[in-house]
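A.B. asks:
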Amino acid sequence: MPALRTDAVVLHVFDYLETSRILRLATREAGVQSVLARGARRPKSRYGTALDLFASGTAEIYMKVGRELHTLASFDVTRSRGELAADLERFTAASAIAELGMRFGTSEGHAELYDALVETFEAIGGSSASASIDAALAGAWRIVSELGFAPALDTCASCHAPIAGDATASFSHPAGGVLCRRCTSLAASSRVLPSDARGALRAWVAGARAPVADDLARRAHQRLLREFLSQHLADGRPLRAYEVWERNGWAGTVEAGT
Ligand SMILES: [Zn+2]
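Structure representation (structure tokens):
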């Protein structure tokens, strides 16, 4: 049986038995997959010491048809991304991105989704603490767009009426985007989306950068993203990494301010 050779990035790692590890990988060719790395915790592992969370490179995987867990034959690490683990802000931001990949990714190959994940880890790793939040917000909305459920931002998500580009709009998670005035009055719940926040979302889903005004706006964006993702999860399990990401960032800010 030939091994699948593919670009891959590590989204999750846990120890298995005495010497092995199980990894969740996002791959370019085969989507999100679980693999067993036999002997990965031995001192002279064939995977090398750099195979850790957020590392990327070329993986060789023996895929077993109809199985959930495949075998990792080798992993040639080209970027180990220790900078993400070294800083709490970056680590929690990158963990939120990894959770997004794991919860929404499928076993279908999706090159653009893979690229968006890897480029977001790069952007977070190259950012200072508060900028890492902005990099993760931008990357998360780009990933949402690649996953195919970007929110409606310029037409009403319910009746498709156009909405003025610079207006404050209301945003409905169940509807999947902004609502016109009439549909807002009929909706059970919605939240206010200022025009600059809508502009940022518009840029992010298109894969572009956008400035975030201040910490208050940053916090509102984190919450909007978590609520939006929760709405799209069928299993109802909480997005733990998002909760940690929101708490950590603001706990740090409060400490720094006192
Ligand atoms: Zn409407």
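Residues 0 to 257, numbered by numbering that gives the first Met the number 0, are exactly what the sequence shown covers, in order. C-beta: ideal position from N, C-alpha, C; glycine also.
1) For L192 and F170, what's the separation of their Cα atoms in angstroms?
2) Examine ligand 1 and report whether any of its heavy atoms sits within less than 7 Å of the Cβ of L178.
3) Using 8 Å as the threshold, is the C-beta distance between A139 and A95 below it?
4) What is the DSSP secondary structure of G175, reduced to helix, strand or coil?
5) Going by DSSP, what residue range makes up the alpha helix (DSSP H) through V143?
6) Between C179 and chain D, is there a C-beta pair that is closer than 8 Å?
7) Please confirm whether any heavy atom of ligand 3 lies closer than 7 Å to the CB of R181.
8) Across the region 170-182 and the region 204-211, are there enough close Cβ pairs to call them in contact, namely three or more that are closer than 8 Å?
9) Say the cut is 7 Å; is the CB of A160 nearer than that to a heavy atom of ligand 1?
10) Give a single yes or no on whether S189 has its beta carbon closer than 7 Å to a heavy atom of ligand 1.
11) Examine ligand 1 and report whether any of its heavy atoms sits within less than 7 Å of the Cβ of S261.
12) Alpha carbons only, please: which of T167, D153, E111 is nearest the one belonging to I141?
13) T26: buried (16+ other C-beta within 10 angstroms of its C-beta) or exposed?
14) Using only the heavy atoms of ligand 1, determine whether one of them is closer than 7 Å to the beta carbon of S157.
15) If you draw a straight line from the alpha carbon of L136 to that of Q32, how long is it in whole angstroms?
16) Going by beta-carbon coordinates alone, are A93 and F53 separated by less than 8 Å?
17) Looking at C-alpha atoms only, which residue of E242, P1, L146 is the closest neighbour of V64?
18) For the region 15-30 against the region 95-109, are there 3 or more C-beta pairs whose distance is under 8 Å?
19) Give a yes or no on contact between the region 193-209 and the region 147-162, applying the rule of three or more CB pairs nearer than 8 Å.
20) Let me know the alpha helix (DSSP H) ranges lying completely inside the region 75-110, each 4 residues or longer, listed in chain order.
C.D. replies: So, to answer that:
1) 6 Å
2) Answer for L178: yes, Cβ within range of ligand 1.
3) yes
4) coil
5) 128-146
6) Among the protein chains of the structure shown there is no chain D, as only one such chain exists.
7) For the structure depicted, ligand 3 is absent and the ligand set comprises only ligand 1.
8) no
9) yes
10) Not under cutoff, so the answer is no.
11) As shown, the chain starts at 0 and ends at 257. That puts residue 261 outside it, with no answer to give.
12) The sequence as given places Arg at residue 141; Ile does not occur at that position. Nearest option by C-alpha distance: E111.
13) buried
14) yes
15) 24 Å
16) yes
17) P1
18) Enough Cβ pairs lie closer than 8 Å, so yes.
19) yes
20) 81-84, 87-103
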